[in-house]
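The structure under discussion appears below in the form of structure tokens.
2 protein chains.
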Amino acid sequence: MPTRAPIEFYFEFASPYGYLASTQIDDVAARYQREVIWKPIMLGAALKRTGQLPTVQIPIKGDYLKHDIQRFARLLDVPLRLPPVMPMNSLAASRAYWWLFERDRCLAKKFARGIFHAHWGEGRDLSAPEAVAEIAARLGISPEDLLAAVQQPAIKQRLRDETERSIEKGVFGSPFIIVDGEGFWGADRLDQVERWLATGGW
Amino acid sequence: MPTRAPIEFYFEFASPYGYLASTQIDDVAARYQREVIWKPIMLGAALKRTGQLPTVQIPIKGDYLKHDIQRFARLLDVPLRLPPVMPMNSLAASRAYWWLFERDRCLAKKFARGIFHAHWGEGRDLSAPEAVAEIAARLGISPEDLLAAVQQPAIKQRLRDETERSIEKGVFGSPFIIVDGEGFWGADRLDQVERWLATGGW
Chain G
1 MPTRAPIEFY FEFASPYGYL ASTQIDDVAA RYQREVIWKP IMLGAALKRT GQLPTVQIPI
61 KGDYLKHDIQ RFARLLDVPL RLPPVMPMNS LAASRAYWWL FERDRCLAKK FARGIFHAHW
121 GEGRDLSAPE AVAEIAARLG ISPEDLLAAV QQPAIKQRLR DETERSIEKG VFGSPFIIVD
181 GEGFWGADRL DQVERWLATG GW
Chain R
1 MPTRAPIEFY FEFASPYGYL ASTQIDDVAA RYQREVIWKP IMLGAALKRT GQLPTVQIPI
61 KGDYLKHDIQ RFARLLDVPL RLPPVMPMNS LAASRAYWWL FERDRCLAKK FARGIFHAHW
121 GEGRDLSAPE AVAEIAARLG ISPEDLLAAV QQPAIKQRLR DETERSIEKG VFGSPFIIVD
181 GEGFWGADRL DQVERWLATG GW
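Top line first, the protein sequences correspond to chains G and R. Residues in the first sequence are numbered consecutively from 1, following the working numbering. Residues in the second sequence are numbered consecutively from 1, following the working numbering.
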């Protein structure tokens with residue numbers, strides 16, 4: 001049984017590096033008997049606070065990103081297909097996650113994996129709540145319940161609160177991983193996350 | 001003898017991740033019998049083109065950078081002391097590099113290592129041409145010659161040309177490493193650079 005605080009995995013569903021890290025983080029943590037709590041946020045709020053644009057919209061850098069994520073995915077041997085809309089609107093998916101999280105954390109994580117796979121592995125646009133509900137339905141989650149939930153004021157507020165708390169913790173990009181109070185930004189910091197877990201810091 | 005094109009190592013002297021990569025890149029390349037050409041540029045020009053700010057000036061992200069580079073340096077076991085000015089003005093250092101490059105590429109690389117070490121290893125501000133000349137003097141380079149060289153129109157133009165050509169090649173950040181036409185951005189891509197050199201791509 002893990003005795004230490006879970007690893008916090010902050011991400012934005014519309015972030016390809018969030019997707020890439022999501023395919024690795026639980027395996028990394030498991031090697032050190034650590035649990036991972038997945039925390040989707042609306043990265044747009046953090047970008048606004050820091051005056052940044054979504055990377056894909058930045059000239060030159062956006063082109064690099066499209067090339068880099070495909071190369072990175074091949075290295076990790078995970079599927080990646082560029083979605084038609086980047087960044088997609090992840091509001092429905094993120095709200096649905098936090099709704100599920102309160103009912104069943106394991107199911108919520110399965111749902112998040114399903115969203116990531118459909119969006120980045122298969123290149124589907126999941127901006128519409130109905131598209132999100134379709135992914136959820138494969139896990140036995142009622143589409144009607146989900147579509148109602150993502151309109152609930154309490155669920156909307158939960159996502160706002162989680163996003164605000166993440167910014168207070170220093171999250172400004174996706175993925176952002178916090179291990180025992182130490183923050184690591186980027187899918188390319190997973191080796192340092194693993195080293196931190198193995199050594200307790202350096 | 002290397003038979004393939006040299007690896008291109010683009011960097012900005014004022015970039016801490018450029019410094020971190022500079023302590024590793026030649027060792028990585030040597031394991032695959034490859035040469036590295038160091039190419040300092042004025043990153044400000046690329047940032048202007050892409051509408052970005054120097055990372056250290058971005059709220060929240062700038063604080064992360066200061067923490068991350070010190071942690072990264074400890075991991076690599078290289079010295080790092082935050083300079084009083086970030087980013088410093090690297091114009092004199094970059095011009096001096098290209099002046100030396102035309103005379104003696106090995107000496108130019110030694111000079112670049114000296115600049116990086118003094119700025120990031122010892123935390124010194126090298127914005128003033130006189131401070132740059134002092135580093136150069138330790139390598140037997142005449143301070144008078146250097147101070148005259150960095151004012152020569154041809155040297156000024158050379159740095160502008162190198163910067164412009166780098167942007168045309170897709171460089172938007174520091175470090176940016178090009179291996180056989182494949183670009184990798186960031187000190188945290190050195191493992192992928194090494195893998196690319198070992199396998200010829202994936």
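The beta carbon of each residue, even a glycine, is placed where N, CA and C say it ideally should be.
Return no unless some Cβ of chain G is closer than 8 Å to the Cβ of residue 75 (chain R).
-> yes
With a cut-off of 8 Å on the beta carbons, I'd call residue 99 (chain G) and residue 149 (chain G) a contact; round off their distance for me.
-> 4 Å
Are the beta-carbon atoms of residue 44 (chain G) and residue 83 (chain G) separated by less than 8 Å?
-> no
Option nearest residue 64 (chain R) by Cα separation, candidates G:192, G:104, G:62 and G:185 | G:185
Does any residue of chain R bring its CB to less than 8 Å from the CB of residue 58 (chain G)?
-> yes
Answer yes or no: does any C-beta atom of chain G fall closer than 8 Å to that of residue 64 (chain R)?
-> yes
CB contact check: residue 9 (chain R) to chain G, cutoff 8 Å = With 8 Å as the cut-off, residue 9 (chain R) does not count as an interface residue toward chain G.
Report yes if the C-beta distance between residue 120 (chain R) and residue 40 (chain R) is below 8 Å; otherwise report no.
-> No; because the gap between Cβ atoms is not below 8 Å, this pair is not in contact.
What runs of the alpha helix (DSSP H), each 4 residues or longer, lie entirely inside the stretch 25–103 of chain G?
-> Entirely contained in the stretch 25–103 of chain G, the alpha helix (DSSP H) runs reaching 4 residues are, in chain order, 25–30, 43–50, 61–76 and 91–103.
How is residue 162 (chain R) classed by DSSP in three states: helix, strand or coil?
-> helix
Answer yes or no: does any C-beta atom of chain G fall closer than 8 Å to that of residue 165 (chain R)?
-> no
Can you tell me whether residue 188 (chain R) is buried or exposed, with buried defined as 16 or more other CB within 10 angstroms of its CB?
-> buried
Leaving out five residues on either side along the sequence, give the residues of the same chain with a beta carbon under 7 Å from the beta carbon of residue 172 (chain R).
-> 46 and 50
How about the stretch 175–182 of chain G and the stretch 145–160 of chain G: do they share at least three Cβ pairs that are nearer than 8 Å?
-> no
Taking the DSSP output, what are the residues bridged to residue 177 (chain R)?
-> R:9 and R:184
Amino acids of chain R, ordered along the chain, whose beta-carbon sits closer than 9 Å to that of residue 186 (chain G) = 186 and 188
With DSSP run on the structure shown, which of helix, strand or coil describes residue 171 (chain R)?
-> coil
In angstroms with no decimal places, state the Cα-to-Cα distance between residue 96 (chain R) and residue 146 (chain R).
-> 6 Å
Cutoff 8 Å: residue 191 (chain R) Cβ touching any chain G Cβ | yes
Reduced DSSP secondary structure (H/G/I, E/B, other) of residue 132 (chain G) | Of the three classes helix, strand and coil, the one that applies to residue 132 (chain G) here is helix, per DSSP.
In chain R, which residues lie with their C-beta within 7 Å of the C-beta of residue 98 (chain G)?
-> Result: empty, since nearest Cβ-Cβ is about 23 Å, beyond 7 Å.
From residue 134 (chain G) to residue 126 (chain R), what distance separates their C-alpha atoms?
-> 58 Å
Contact set for residue 2 (chain G): own chain, Cβ-Cβ below 6 Å, skip 5 residues either direction | Model confidence at residue 2 (chain G) stands at a pLDDT of 49, short of 50, so the residue's coordinates are unreliable and nothing is read from them.
Among R:190, R:102 and R:74, which has the Cα closest to the Cα of residue 155 (chain R)?
-> R:102
Thinking just about the alpha-carbon of each residue, which of R:73, R:90 and R:191 is nearest to the one in residue 163 (chain R)?
-> R:90
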